[in-house]
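Student: Here the sequence shown is numbered in the UniProt record's numbering, starting from 1 and rising by one per residue. Think of the CB as a built atom: it goes at the ideal place given N, C-alpha and C, for glycine as much as any other residue. Bear in mind that the values here come from a model prediction, so they are computed numbers and not experimental data. Right, I'll just put the structure down here and ask away after.
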Amino acid sequence: MPAIASGPISRTYFSQRLRLHYVDWGNPEAPPLLLVHGGRDHCRNWDWVAERFRDDWHVIAPDLRGHGDSQWSADGSYGMENYVYDLAQLIHQQDLAPVTIVAHSLGGNIALRYAGIYPENVRRLVAIEGLGPSPKILKERGETSFAGRMREWIEGTRKLAGRMPRRYASIEEAFSRMQEENKHLSPEQARHLTEQGVIQNEDGTYSWKFDNYVRVWPPYDMPGRGVQELWSRIACPTLLVYGSESWASNPEEDGRAKHFKTAEIVTFEGAGHWVQHDRLDDFCTTVKEFVER
1 MPAIASGPIS
11 RTYFSQRLRL
21 HYVDWGNPEA
31 PPLLLVHGGR
41 DHCRNWDWVA
51 ERFRDDWHVI
61 APDLRGHGDS
71 QWSADGSYGM
81 ENYVYDLAQL
91 IHQQDLAPVT
101 IVAHSLGGNI
111 ALRYAGIYPE
121 NVRRLVAIEG
131 LGPSPKILKE
141 RGETSFAGRM
151 REWIEGTRKL
161 AGRMPRRYAS
171 IEEAFSRMQE
181 ENKHLSPEQA
191 RHLTEQGVIQ
201 NEDGTYSWKF
211 DNYVRVWPPY
221 DMPGRGVQEL
231 WSRIACPTLL
241 VYGSESWASN
251 PEEDGRAKHF
261 KTAEIVTFEG
271 AGHWVQHDRL
281 DDFCTTVKEF
291 VER
């Protein structure tokens, strides 16, 4: 795994009174490329991808609210509408449209919705396992009463209210946890992601930067048919990326691909949920070919 060269510049912007963070890899005269991370992750997980694209693109990677170096929501609420608004604000404030977006997991879900709301603002879109829960899971959720979903959310949030962020005695201990979480990571990848993903507490221990409340999915969201409508409105070429060893449901097999006008689907063998880490070289080659057509 190559070492990261001179890194990006940290910048901030504001959305719904929150101070949100992003990193800018320079080259502002080039076409804009947004890299959007997934849940419980951070913007620096894109560093290896950004290194491959920075010469030809103006690469910007935001930290979602409650993640990385972005401010936490004061009420501990993290609805999809807030994430989409934050992305819309970044694109609007920095005048990035039409923008190319590469996004992972939760970030992909956010980017796909944004592209359906503002199809004219997105030039090309790559979503790595970003369609959210499978139709099977959504059906099971739909069979739960609204009162039941609310009870689950209340009780889950209450548990998190009493849960202190896990503390690691050293960077090495956090590094070991990172390796346990994703067996596909090389030691170099795991160390970099750990060092960028933790903050040192006052007592000298380390904790992950994300807000524990991001672990709880809100009890309600846009109806499934509403999300499908947004997918159908996406006008730009779209690439849906999946790992053959991931838990995520492939839209070509579960029927969700039919809601897209222009989507291509590619599966990477030997990759889990973090395809951009597990198959870095092949992933970058595929994405470069796609976004530069």
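1) Using a threshold of 8 angstroms, state whether the C-beta atoms of L90 and P62 are closer than that.
2) Locate the beta strand (DSSP E) running through T12, then write down its first and last residues.
3) Below 8 angstroms, how does it come out for the segment 198 to 214 and the segment 154 to 169: are there three or more Cβ pairs, yes or no?
4) Starting from Q200, trace the beta strand (DSSP E) in both directions and tell me its first and last residue.
5) Verify whether the separation of the beta carbon atoms of W231 and H259 is less than 8 angstroms.
6) Just checking R44 against the ligand PLP - is the residue's beta carbon closer than 7 angstroms to any of the ligand's heavy atoms?
7) Based on Cα-Cα distance, which residue from Y13, H21, P251 and R54 lies nearest to C284?
8) Please identify the residue among D278, E51, N82 and H58 whose C-alpha is closest to the C-alpha of L64.
9) Starting from the N-terminal side, write out each stretch of the alpha helix (DSSP H) that is 4 residues or longer and does not extend beyond the segment 118 to 162.
10) Straight-line CA distance for G66 to L160?
11) Three Cβ pairs or more, each shorter than 8 angstroms: is that satisfied between the segment 91 to 105 and the segment 32 to 41?
12) Which same chain residues end up closer than 8 angstroms to V198 when comparing Cβ atoms and leaving out the 5 residues on each side of it in sequence?
13) Assuming N212 and R163 make a contact with CB atoms under 8 angstroms, what is their CB distance in whole Å?
14) Have a look at H58 and S145 and give me their C-alpha separation to the nearest angstrom.
15) Can you check the segment 218 to 284 for any alpha helix (DSSP H) of at least 4 residues that lies completely inside it and give the ranges in chain order?
16) Just the Cα atoms here: how many angstroms apart are E188 and R149?
17) Closest to L270 by CA distance: which of V291, T286 and H184 is it?
18) Over what stretch of residues does the alpha helix (DSSP H) that includes L185 continue unbroken?
19) According to DSSP, is W208 helix, strand or coil?
20) Output the boundary residues of the beta strand (DSSP E) element that contains L90.
21) Bridge partners for Y22 per DSSP, in chain order?
22) Distance, Cα to Cα, residue 302 vs S246?
23) Can the beta-carbon of A147 be found less than 8 angstroms from the beta-carbon of N121?
24) For P32, which beta-bridge partners are listed by DSSP?
25) CA-CA distance, E292 and T157?
26) Count Cβ pairs between the segment 7 to 22 and the segment 43 to 50 that sit closer than 8 angstroms; are there 3 or more?
27) On a CA-only basis, which of D47, D221, S15 and N27 is nearest H277? Give me that one, please.
28) For my contact list, A111 and A127 are in at a C-beta cut-off of 8 angstroms; report their separation, rounded to the angstrom.
29) Report yes if the CB atom of L131 is closer than 8 angstroms to the CB atom of N109, and no otherwise.
30) Quick check: the Cα distance between P237 and F268, rounded to an integer number of angstroms?
31) Closest to W72 by C-alpha separation, out of L33, L18 and D86, would be which residue?
32) Do H21 and D95 have their C-beta atoms closer together than 8 angstroms?
Tutor: According to the structure data:
1) yes
2) I9 to S15
3) yes
4) V198 to Q200
5) yes
6) No copy of the ligand PLP occurs in the structure displayed, which carries no ligand at all.
7) R54
8) N82
9) 135 to 142 and 146 to 161
10) 14 angstroms
11) yes
12) Y168, I171, A174, Y206, S207, W208 and K209
13) 6 angstroms
14) 46 angstroms
15) 224 to 233, 251 to 254 and 275 to 278
16) 41 angstroms
17) Looking at the sequence provided, one finds Gly at residue 270 rather than Leu. Of the listed residues, the one whose Cα sits closest to G270 is H184.
18) That residue, L185, is in no alpha helix (DSSP H); it is neither H nor E in DSSP.
19) strand
20) Note, L90: premise wrong, no beta strand (DSSP E); alpha helix (DSSP H) at M80 to Q93.
21) R11 and P62
22) Summary: the structure shown does not reach residue 302, with the chain confined to residues 1 through 293, and so no result is reported for it.
23) no
24) H58
25) 44 angstroms
26) yes
27) D47
28) 6 angstroms
29) yes
30) 19 angstroms
31) L18
32) no
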